[in-house]
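Counting from 9, one number per residue, gives the positions in the sequence shown under the working numbering. To keep things clear, I will list the structure first and then write my remarks on it.
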Amino acid sequence: MALLRAEREECRDSLEKCRDSAEVARLQGQTATLAGLIEKFDQAREVVHKRFIQ
């Protein structure tokens, strides 16, 4: 999870500096994909926690 979050932050930082529209589109897609993965992992962690830990 930490690696995904770090990668997302790196993409966001790159977006702030980027001037090429094709690269901006690629970075936006990558950032959105990473955000989706992080959300899914968080949801899965909640399910596991509720099912096995509580």
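All residues carry an ideal CB built from backbone N, CA and C; glycine is no exception.
So, with DSSP's three-state summary, where would you put residue i?
i	result
Arg16	helix
Arg27	coil
Arg62	In the sequence on display, residue 62 carries Gln and not Arg. Residue state, collapsed to three classes: coil.
Measure the CB-CB distance between residue i and residue j and report whether it falls below 8 Å.
i	j	result
Cys19	Leu45	no
Val32	Leu23	yes
Thr39	Arg16	yes
Applying the 10 Å Cβ sphere with the 16-neighbour rule, what's the burial state of residue i?
i	result
Leu11	exposed
Please identify the residue among the options whose C-alpha is closest to the C-alpha of residue i.
i	options	result
Arg13	Ala30, Cys26, Glu47	Glu47
Could you round the C-beta distance between residue i and residue j to whole angstroms and report it? I think they count as a contact, below 8 Å.
i	j	result
Met9	Phe60	18 Å between Cβ atoms; not a contact.
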